[in-house]
Structures are given as C-alpha cells and as structure tokens.
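First comes the structure, then the notes that go with it.
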C-alpha cells in the first residue's frame, strides 16, 4: 500500500501518534474535571474521544477539534469559578492556576518532553497525511 511514497507502516505510525496525543490531552483534561461527554457535545458527532481512540479513528482534524473543545470548556469553567468567587482545587496545582492554564502547562511539558526531532517527524507525517487524503479529490477533478 504505497501512495505518494508513503508506506502503510508510516500511516500506522502517524495514526498511533495521533492516538497518543489525544490520550494525553484527554487525561490532562480529565484532571481538570472535563468529561468526554462534554467534549463530544462541543465537538458534535456521535462518538466520544475515548470511543474514537478505541476505534483508531483519530485524525488531525479530530485532534484539532478536540483540543479546541477542551479549551472552550476549560475557559467556561474558569469563568464560572470567577463569577462564583471560587478557585479550582487540585493537589497537583500547587501554584493555584486556573484549569485552562494548568491544561496548557501540562500539555506544554508533554510537548517539550517529546523533543524537536519527534515534532519534525510528525510535521513531515502531517504533510504526507494531507497528500494521502487529497488524492481522491484530485482524481475527481481531472
């Protein structure tokens, strides 16, 4: 299964990386009291992110939508806390950050831990992904 010189193994590796990123971000969001049903409601669709991970159908577009949904939910929760005069309490949040900032900091730590080589490779894989998914559309335009 070669398409634009991309092997099946490369596609599977890229899919696994998308699943890992979704799982990490989802785990951090859960620490901030975000649940998968709320994410699904904001994103739309039938399946939760957990179900999409199990079915191995995470794409860059789904990952992007999930991340934006989480951020939207966190900001809303932080605004509700501010209006109620409360703060988010979590034992790992020793600096008293809002949920949004805690999520951003933890995701940033994970990104930095992966290293620049990983992100360079992922960027190349994303370019290949766009080429693979664009092929059917190019064939129909001819």
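Residue numbers (the working numbering): 897 to 1038. Using N, Cα and C, we set each Cβ at its ideal position, and we do this for glycine too.
Next item on the list: Determine the direct distance from the alpha carbon of residue 942 to that of residue 996, and round the result to whole angstroms.
Entry: 26 Å
Check: Measuring CA to CA, which of 975, 979, 922 is closest to residue 954?
Finding: When each option's Cα is compared against that of residue 954, the closest is 922.
Notebook entry, point to check: Would you call the region 990-1008 and the region 925-935 touching, i.e. three or more CB-CB distances under 8 Å?
Noted result: In short, these stretches touch, since the Cβ pair count reaches three.
Notebook entry, point to check: How do the region 907-915 and the region 931-939 stand: do at least 3 beta-carbon pairs fall below 8 Å, yes or no?
Noted result: no
Next item on the list: Specify, as a first and last residue, the run of the alpha helix (DSSP H) that residue 932 falls within.
Entry: 932-939
Margin query: Going by C-alpha to C-alpha distance, which of 989, 903, 972, 917 sits closest to residue 1007?
Written below: Out of 989, 903, 972, 917, 917 has the C-alpha closest to the C-alpha of residue 1007.
Item checked: Buried/exposed call for residue 903, threshold 16 Cβ in 10 Å -> Its Cβ having fewer than 16 others within 10 Å, residue 903 is exposed.
Next item on the list: Let me know if residue 978 comes out buried or exposed under the rule of 16 or more other beta-carbons within 10 Å of its beta-carbon.
Entry: exposed
Item checked: residue 974 versus residue 981 - alpha carbon distance -> 10 Å
Item checked: Rounded Cβ spacing between residue 949 and residue 968 (contact assumed at less than 8 Å) -> 20 Å between Cβ atoms; not a contact.
Note to self: Using only CA atoms, which one of 946, 965, 951 lies nearest to residue 940?
What the structure shows: 965
Check: Roughly how many angstroms lie between the CA atoms of residue 1005 and residue 962, to the nearest whole one?
Finding: 19 Å
Notebook entry, point to check: Quick one: complete alpha helix (DSSP H) runs, 4+ long, within the region 981-1014?
Noted result: 995-1010
Check: Got a sec? Which residues, its chain only, sit under 7 Å from residue 938 by beta carbon, not counting five neighbours each side?
Finding: 965, 968, 969
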